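Q: What follows is a single structure, and I will ask about it in a moment.
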Amino acid sequence: GIIMKKFLLSGIILLMGGIQAFSQEITLLDPFAEIKQEISEYHQILSFENRRISAMYPSEIINRAGMNYPGYRGPGQLVVYFPGFAYSTGTNEFGTEAVVENGIVVRLTGADSVIPKDGFVISGHGSSKKWIKDNLKIGTNIIIDGSTLIAYTTPDSYIFNAKERLEDAEDFVDNAKKSGDEDKKAAFYLKKAKSELKKAERARENLKKSYAESSVSLSNLAIKYALPYIETEFKGVWLRPVEKNVFEIRKTLDNIQKTGINEIFLETWFHGYTIYPSKVMKKYGLTLQNPKFLMYDPLRIYIDEAHKRGIKIHCWFESFYVGNNYPLNDSSSVLAVYPSWGNKNLANYDSEDYVSHKVEHGGYFLDPANPDVRTFLNELIAEIVTNYAPDGINLDYTRYPSAQRPDVANFKQSNWGYSEFARNEFMELNEVDPVEIEPDTPLWQSWNLYRQNKIYDYVKNIRDTVPKGVMLSSVVFPDYELCLETKQQDWVQWTKDDLIDAVTPLIMTADNELFQKILKSVKSNVEGKTEIITGLFVGFLDAEPEDLLKQISVSRALKSSGVILFDWAHLPVKYQNALQYRVFMPK
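This note's numbering applies: residue 417 is where the sequence shown begins, and numbers increase by one.
The structure is reproduced here in structure tokens:
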């Protein structure tokens, strides 16, 4: 009997050892098995994904791969921003972001998101952007396990999303009531959304998701019907032409007209070429017309056909940016024919080759200090307003290439304006070569003013060229102080001196809190009679259509003249439909 008991005990020990070994093997096969088991004790897991974090609290020291990029987020990276980094992430529009509070995704914002005090922001570019878009929704639960980000959803995730969207819909409907422009359909869909949410909360675990999704869809309809149409509001879109003939242009214009958009900013001078056959280009010995549009004149067709439809055309004009194609690839390109017109950075001021901007699309820039450059661009605009009948001119790239602040490691690489012409002229005025000037010295401010004045002179010359009745607007960066320091763009002074009729500030975020803060700042800085036409990037950031409507609502509340969307190529059907319900279309 004693031997048998020992045998049984040994068997139990061996069995327990086998179970433990088997458990360890499962854990090796699935390192998140324990986390999943803990979650499943309380919730049904509908999805479970993970991704390695590239950096947390990024900086040029912590994340060298991101040191040359806004927000220190490098190519393809997944970065997490915690409170203490800054007010917002400072990232650009080429990634996407999710705001997390109390372990739950509460907002999908696209770029430059406000960092919550009780949470963090997940930001991704490239493949990490795709991972965020595929796996993170409002209501998704987030766990950070070491250097791994875990994202999972349960039925309650969908209920959370439904509650958030219902709250948005209630705000829209309440605002419509206060303005005396309530829509019966909005109220109807809001009531239905509330009913579906109640069903979701009472339903069995396996039915909660479908009821919650139904509630979200109904709340979205309430939002779309709640925002009223305003006839006098500026309703615009930036558009890069790609059409090959008059029939394709007509089709594009018909589609735009269906959305209610009635102002088009047509890209007319971009990447160093005109879309029309230009006598000015021929006079300077340059490529007559963008090769994509040979054999016809899209500018004339666009203007003629748009005017038939009651749509206005503004010529979108990329002033000092001439594209990212190496200049000598086209022997008749601007910089191939006039290499001395090229802008240079401090790190390569003595280079005999062309200097491109690594962050700005690898692009090449003209030198605003060179009077021949300004004269050439002015002649192009004079040609446009003389030979065509545009309703406006929208100046873009009315600035120096983007620079970093002086305390950043790659400052010399990113600081621009060091062409031979600019250096010689500045030396004549100040008896010092700007390459020898250190930041935070008295002469540094003189160097900044020199460059700012060159941009001012350019805008003033264009103002004198554009006739009355043709709206002159300019793309500007909304953070005025940063813009002065890193782009030499003193757009506030332009408004003080009434050089432009309107600014089109680029607000590159879908974060509603940040959007409102930025637009308020723009409004406080604009002086004179200059209008504000708010530039919205919701489509480019691939945010929700309802986020677009939120931004239009905020823009109206802050008394801007209207909005312009970037851009038609990033305005697919989901956004077009949102505009058609009511906001851009009369009943």
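Note that the Cβ used here is the ideal one computed from N, Cα and C, for glycine as well. Just so we're clear, the structure is a prediction, and the values are computed from it rather than from any experiment.
Compute the distance between the beta-carbons of D914 and G944, then report whether it is under 8 Å.
A: yes
Q: Of all the beta strand (DSSP E) runs that stay within the bounds of the stretch 860-898, which reach a length of 3 or more residues?
A: Entirely contained in the stretch 860-898, the beta strand (DSSP E) runs reaching 3 residues are, in chain order, 887-892.
Q: Would you give the residue range spanned by the alpha helix (DSSP H) that D788 belongs to?
A: Counting along the chain, the alpha helix (DSSP H) containing D788 begins and ends at P787 to N803.
Q: How long is the line joining the alpha carbons of V989 and S835, rounded to whole angstroms?
A: One C-alpha to the other measures close to 45 Å.
Q: If we count the other Cβ atoms within 10 Å of its Cβ and call it buried at 16 or more, is K695 buried or exposed?
A: With fewer than 16 Cβ atoms within 10 Å of its Cβ, K695 is classed as exposed.
Q: Please state if the CB of T881 and the CB of N794 are separated by a distance shorter than 8 Å.
A: yes
Q: When you compare each of E513, K607 and I677 to I548 by their alpha carbons, which one comes out closest?
A: E513
Q: If we ignore side chains and look at the alpha-carbon of each, how far apart do A437 and I451 end up?
A: Its pLDDT being 46, under 50, A437 is placed unreliably in this model, and the coordinates cannot settle the point.
Q: Cα separation between T802 and P883?
A: 9 Å
Q: Run the CB neighbour count on E897, radius 10 Å, all protein chains shown included, and call it buried at 16 or more, exposed below.
A: Its Cβ having fewer than 16 others within 10 Å, E897 is exposed.
Q: Which runs of the beta strand (DSSP E), 3 residues or longer, sit entirely within the stretch 689-774?
A: Runs found: 728-734.
Q: Please work out which residues of its chain come closer than 8 Å, Cβ to Cβ, to I665, disregarding the five sequence neighbours upstream and downstream, and give them in chain order.
A: P657, E659, P714, I717, Y718 and E721
Q: Leaving out five residues before and five after Y503 in sequence, what residues of the same chain have Cβ atoms less than 8 Å from its Cβ?
A: V530 and I531
Q: By Cβ distance, which residues of its chain are closer than 7 Å to L582, with the 5 residues on each side in sequence left out?
A: A609, K610, L613, S631 and S635
Q: According to DSSP, is R656 helix, strand or coil?
A: Coil.
Q: Given this structure, state the Cα-to-Cα distance separating R790 from S767, to the nearest angstrom.
A: 23 Å
Q: Buried or exposed: T443, going by 16 or more other Cβ atoms within 10 Å of its Cβ?
A: Only weak support is given to the placement of T443: the predicted model assigns it a pLDDT of 49, under 50, and the question is left unresolved by the model.
Q: Would DSSP call N479 helix, strand or coil?
A: coil
Q: Flag this pair as touching only if the stretch 582-598 and the stretch 562-572 have three or more C-beta atom pairs under 8 Å; answer yes or no.
A: no
Q: For the beta strand (DSSP E) that L682 lies in, which residues bound it at each end?
A: E679 to F686
Q: With a Cβ-Cβ cutoff of 8 Å, do S749 and P743 count as a contact?
A: yes
Q: In three-state terms, what does DSSP make of P988?
A: coil
Q: Does the contact criterion of 3 or more C-beta pairs under 8 Å hold for the stretch 670-690 versus the stretch 725-741?
A: Judged by Cβ distances under 8 Å, the stretch 670-690 makes contact with the stretch 725-741, as three or more pairs qualify.
Q: Check the DSSP bridge columns for E947 and list the partner residues they point to.
A: A918
Q: In whole angstroms, what separates the C-alpha of N622 from that of L462?
A: 10 Å
Q: Do you know how far the Cα of P894 is from the Cα of S937?
A: 7 Å
Q: Quick one: what does DSSP say I665 is sitting in, helix, strand or coil?
A: helix
Q: Is the number of C-beta pairs between the stretch 769-787 and the stretch 849-856 that are closer than 8 Å three or more?
A: no
Q: Tell me the DSSP secondary structure of D906 in three-state form.
A: coil
Q: Quick one: is K699 buried, meaning 16 or more other Cβ sit within 10 Å of its Cβ, or exposed?
A: exposed
Q: A514 lies in the alpha helix (DSSP H); which residues open and close that run?
A: No alpha helix (DSSP H) holds A514; the beta strand (DSSP E) holding it covers G511 to E517.
Q: CA-CA distance, E629 and T950?
A: Going by the C-alpha atoms only, they are around 32 Å apart.
Q: Less than 6 Å between C-beta atoms, sequence neighbours within five positions excluded: which residues of the same chain meet that for L606?
A: A585, V589 and A638
Q: Quick test of the definition: if touching needs 3 or more C-beta pairs under 8 Å, does the stretch 841-850 touch the stretch 914-933?
A: no
Q: Excluding sequence positions up to five away, which residues of its chain have a Cβ less than 6 Å from the Cβ of S971?
A: So the qualifying residues of the chain are T950 and V979.
Q: At which residues does the beta strand (DSSP E) containing F956 begin and terminate?
A: Here F956 belongs to no beta strand (DSSP E), and DSSP marks it neither H nor E.
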